[in-house]
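Under UniProt numbering, the first residue of the sequence shown carries the number 1, and numbering increases by one thereafter. Note sheet for the following structure.
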Amino acid sequence: MVLFLTRTYFPEGTNGKIQCEGKLICNTIELPWKKNEKRVSCIPEGKYFIRKRYSTKFKWHLEVVDVKNRSFILFHPANNALQELNGCIAPVTKLSGPGLGLMSRKAFEKLKTFVYGALDRKESVELIVE
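This is the structure in structure tokens:
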């Protein structure tokens, strides 16, 4: 399965949308682009794989693997990129401004269910960030 994350960059944050086979799965918010600096920048454009991950903070969620010079790039709920993200990607139901979104938990559950279904079928899940 291939997911496409198409971005629009703003100084205050990065907005995007995740699609699979032309169908919108959810919108996204991220930190602004700051040359891939840890904890203050979104990740570089490119091809990545997604896997399941568990932590006590986020429970079951998603991790973007093999991001150059970065680790623990996660998909998890957040509605304000600058206040709640350290380089991760937050699914949101609706965008409300640069790096801002609404109903993140709902969008996160939708994305997680969609991706976990593919992973449970032993499919690889590729994320193309553009």
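Idealized CB from N, CA, C, for every residue including glycine.
Under 7 Å Cβ to Cβ from residue i, same chain only, skipping five residues before and after it: list those, please.
{"i": "VAL40", "result": "LEU31 and LYS34"}
{"i": "SER104", "result": "PRO77, ALA78, ASN79, ALA90, PRO91 and VAL92"}
So for residue i, helix, strand or coil by DSSP?
{"i": "ALA81", "result": "helix"}
{"i": "ILE114", "result": "First, the residue type needs correcting, since residue 114 is Phe and not Ile in the sequence shown. In the structure shown, PHE114 sits in a helix (DSSP, three-state: H, G or I)."}
{"i": "LYS106", "result": "helix"}
{"i": "LEU119", "result": "helix"}
{"i": "THR8", "result": "strand"}
{"i": "LEU31", "result": "coil"}
{"i": "HIS61", "result": "strand"}
{"i": "GLY99", "result": "coil"}
{"i": "SER124", "result": "coil"}
{"i": "ARG43", "result": "The sequence given here has Ile at residue 43, not Arg. Coil, per DSSP."}
{"i": "PHE49", "result": "strand"}
Taking its Cβ as the centre, do 16 or more other Cβ atoms sit within 10 Å of residue i, making it buried, or is it exposed?
{"i": "GLU71", "result": "It should be pointed out that residue 71 corresponds to Ser in this sequence rather than to Glu. Its Cβ having fewer than 16 others within 10 Å, SER71 is exposed."}
{"i": "LYS112", "result": "buried"}
{"i": "GLY22", "result": "exposed"}
{"i": "PRO11", "result": "exposed"}
{"i": "THR14", "result": "buried"}
{"i": "VAL129", "result": "buried"}
{"i": "VAL2", "result": "exposed"}
{"i": "LEU24", "result": "exposed"}
Excluding five sequence neighbours on each side, which residues of the same chain lie with their C-beta closer than 6 Å to the C-beta of residue i?
{"i": "TRP60", "result": "TYR54"}
{"i": "PHE4", "result": "GLN19 and ILE128"}
Relative to the C-alpha of residue i, which residue among the options is closest?
{"i": "GLY46", "options": "LYS23, ARG7 and LEU82", "result": "ARG7"}
{"i": "ALA90", "options": "GLU130, LYS52, ASN27 and PRO11", "result": "ASN27"}
{"i": "ALA118", "options": "PHE49, ILE29 and LYS38", "result": "PHE49"}
{"i": "LYS106", "options": "ASP120, VAL125, VAL67 and PRO77", "result": "PRO77"}
{"i": "ASN86", "options": "ASP66, LYS38 and LEU5", "result": "LYS38"}
{"i": "ASP120", "options": "LYS52, LYS17, LYS57 and ILE29", "result": "LYS52"}
{"i": "ASN69", "options": "GLY97, LYS94, ILE29 and ASN36", "result": "ASN36"}
With a threshold of 8 Å on Cβ separation, who are the neighbours of residue i within its own chain once the five nearest residues in sequence on each side are excluded?
{"i": "VAL64", "result": "ILE43, TYR48, PHE49, ILE50, ILE73, LEU74, PHE75, ILE89 and LEU127"}
{"i": "LEU82", "result": "GLU12, GLY13, LEU31 and GLY99"}
Does the beta carbon of residue i sit closer than 8 Å to a beta carbon anywhere in chain B?
{"i": "GLN83", "result": "Here there is only one protein chain, and chain B is not present."}
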